[in-house]
Amino acid sequence: MSSRAVLLGILLMSVPMITQAIPRAAQEVTARADQYVEGLSSAAAFLREVRDTVELARAGEYGKIKPADLGRLDEARSQITELLEGHEHARQLSAEERIELFNAQELITSIVRNDDKSRRVCTKVHGTGTRIARSECLTVAQREQRAQETREATRVQQGFREPSCSVREGLGQVRADSC
Numbered sequence: 043m044s045s046r047a048v049l050l051g052i053l054l055m056s057v058p059m060i061t062q063a064i065p066r067a068a069q070e071v072t073a074r075a076d077q078y079v080e081g082l083s084s085a086a087a088f089l090r091e092v093r094d095t096v097e098l099a100r101a102g103e104y105g106k107i108k109p110a111d112l113g114r115l116d117e118a119r120s121q122i123t124e125l126l127e128g129h130e131h132a133r134q135l136s137a138e139e140r141i142e143l144f145n146a147q148e149l150i151t152s153i154v155r156n157d158d159k160s161r162r163v164c165t166k167v168h169g170t171g172t173r174i175a176r177s178e179c180l181t182v183a184q185r186e187q188r189a190q191e192t193r194e195a196t197r198v199q200q201g202f203r204e205p206s207c208s209v210r211e212g213l214g215q216v217r218a219d220s221c
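For any residue, its number in the numbering used here is found by taking its place in the sequence shown, counting from 1, and adding 42.
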């Protein structure tokens, strides 16, 4: 038996193990993006909706929007236009493109609602010891809280100061009512 045949056999036997190793989080994010895409009308109709929403936002129909946010709004609109260009429906996009579409639409929604902290951001994350990426979706507020807790924990580990109550609560060292 040739080494190619052996290698092919090993590869084919490992396919079920690899597919089981894909984290559920990645499947959930993809499923969520798929569900979002299924609810969309045709690509042309969706692009019209996005264009109208951006124009109304620029006209002030959704309240005062900062110039920086208007730039982000235009970038998200451009990204959606690029993603859907040449497609009749968003279902024709790849899984990664559907997630990008979902993120861009979430950005537009959060800017229009003037509620950036509740915007969900999905990113690909590589776990320690694996090259298989998984998707992780957190709100902007959750991401900021995680970053703050990480900075705080780093300072504590380096011996600069005592941890704050919120960090000690997160670590289970104190109760919320004792801080």
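Glycine included, C-beta positions come from ideal geometry on N, C-alpha and C.
In angstroms with no decimal places, state the Cα-to-Cα distance between residue i and residue j.
i	j	result
residue 100	residue 115	9 Å
residue 199	residue 88	50 Å
residue 201	residue 176	33 Å
residue 123	residue 197	44 Å
residue 82	residue 135	13 Å
residue 76	residue 170	28 Å
residue 112	residue 97	10 Å
residue 86	residue 172	40 Å
residue 108	residue 154	11 Å
residue 102	residue 117	18 Å
residue 121	residue 105	24 Å
residue 130	residue 187	40 Å
residue 137	residue 90	23 Å
residue 128	residue 195	48 Å
What residue from the options has the CA that sits closest to residue i's CA?
i	options	result
residue 166	135, 179 and 156	179
residue 73	84, 85, 170 and 140	140
residue 110	168, 195 and 156	156
residue 80	128, 133, 195 and 138	133
Can you name, in chain order, every residue of its own chain whose Cβ lies under 7 Å from the Cβ of residue i, other than the five neighbours on each side?
i	result
residue 193	none
residue 63	Confidence in residue 63 is poor, its pLDDT being 43 and thus under 50, which makes the residue's placement unreliable; the coordinate value appears in the next sentence. Only 174 meet the Cβ criterion.
residue 95	150 and 154
Can you give me the Cβ contacts of residue i inside the same chain, cut-off strictly under 8 Å, excluding the 5 residues immediately before and after it?
i	result
residue 163	145, 148, 179, 180, 181, 182 and 185
residue 53	In this predicted model, residue 53 has a pLDDT of only 47, less than 50, meaning its place in the structure is not dependable; the value taken from the coordinates is given anyway. If we look at residue 53 and ignore the five residues flanking it on each side, it has no Cβ neighbours.
residue 61	With a pLDDT of 43 at residue 61, under the threshold of 50, the modelled position of that residue is not reliable, and no figure is offered here.
residue 84	130 and 131
So is residue i buried or exposed if we call it buried at 16+ other beta carbons inside 10 Å?
i	result
residue 189	exposed
residue 119	buried
residue 150	buried
residue 93	exposed
So, under 8 Å CB-CB, residue i and residue j are touching, yes? Tell me the CB distance rounded to an integer number of Å.
i	j	result
residue 126	residue 142	Contact doesn't hold; Cβ gap of about 11 Å is too wide.
If I measure Cβ to Cβ from residue i and keep anything under 6 Å in the same chain, skipping five residues before and after, which residues do I get?
i	result
residue 168	175
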